[in-house]
Amino acid sequence: MQPTQKAARLISSVMPSGMKMSVEQQKTDEQAQAEEVISGELEKVKGVVRSQKTNIKITENDPDWLAGKEKGDKEAADRFAEKFWSEEHSEELEKQIGNPENTLFVSVPSSSKNNVHPVSLAEKLSGEFGGKFVTGETYFDVLHERQSKKIGPFERVFHPRIY
């Protein structure tokens, strides 16, 4: 039985007879139930999600960064990952992961479909640590409306990233 079917069944079992919910309420409850099912499964998985601040001067002036970010140039993104991912980064990540050979590296899907840096880094890390990697776009759709770079910093809180 699908999570939404479970939610509908659960909802109908606790509703007083003759009482009907609005479609919006049904959707909300079905989504909440589905999220509970998913989050219950995710609690079984150890994950590390990290946002690394970058030196904008380096990235703005590096042709490999720009080509991988804006033109989807995978070879340029691979070169950038080789140049700027250090042994210290790997050591720190290994401390956080603990057992890297049993790790699945998932690249973040690109809103623009042009940024291949996450794919290059996931591929590099999986090779270095002996884990596996998947390209995020293969398994997740970008559902948010606009790219972050097109949303002002004080507005971003109102535009969550949805995959």
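The sequence shown begins at 6 in this note's numbering and counts up one residue at a time. Glycine included, every Cβ here is placed at the ideal spot set by N, Cα and C.
Rounding to the nearest angstrom, what Cα-Cα distance links residue i and residue j in this structure?
| i | j | result |
| --- | --- | --- |
| V162 | G135 | 36 Å |
| D146 | S112 | 12 Å |
| L109 | D67 | 29 Å |
| I156 | V139 | 28 Å |
| Q101 | F89 | 20 Å |
| H94 | Q152 | 27 Å |
| W70 | T64 | 6 Å |
Measuring alpha carbon to alpha carbon, tell me which of the options ends up nearest residue i.
| i | options | result |
| --- | --- | --- |
| H122 | R84, N66, F145 | R84 |
| N119 | E142, H164, S95 | E142 |
| G4 | S153, E87, G73 | Only positions 6 to 168 of the chain appear in the structure, and residue 4 is not among them; the question remains open. |
| S125 | T64, A81, E75, S117 | A81 |
| E92 | G73, G157, L130 | L130 |
| N107 | R151, P114, K137 | K137 |
| K76 | S117, K62, F159, I167 | S117 |
For residue i, name the three-state secondary structure that DSSP assigns.
| i | result |
| --- | --- |
| L109 | strand |
| A39 | Below a pLDDT of 50, predicted positions are generally treated as unreliable, and A39, at 47, falls in that range; no measurement from the model is reported. |
| F159 | coil |
| K79 | helix |
| V139 | strand |
| F85 | helix |
Anyone know if the C-beta pair for residue i and residue j falls short of 8 Å?
| i | j | result |
| --- | --- | --- |
| E99 | P105 | yes |
Kindly examine the ligand ATP and report whether one of its heavy atoms sits closer than 7 Å to the Cβ of residue i.
| i | result |
| --- | --- |
| I61 | Of ligands this structure carries none, so the ligand ATP is not represented either. |
For the alpha helix (DSSP H) containing residue i, list its first residue and its last residue.
| i | result |
| --- | --- |
| K100 | 92-102 |
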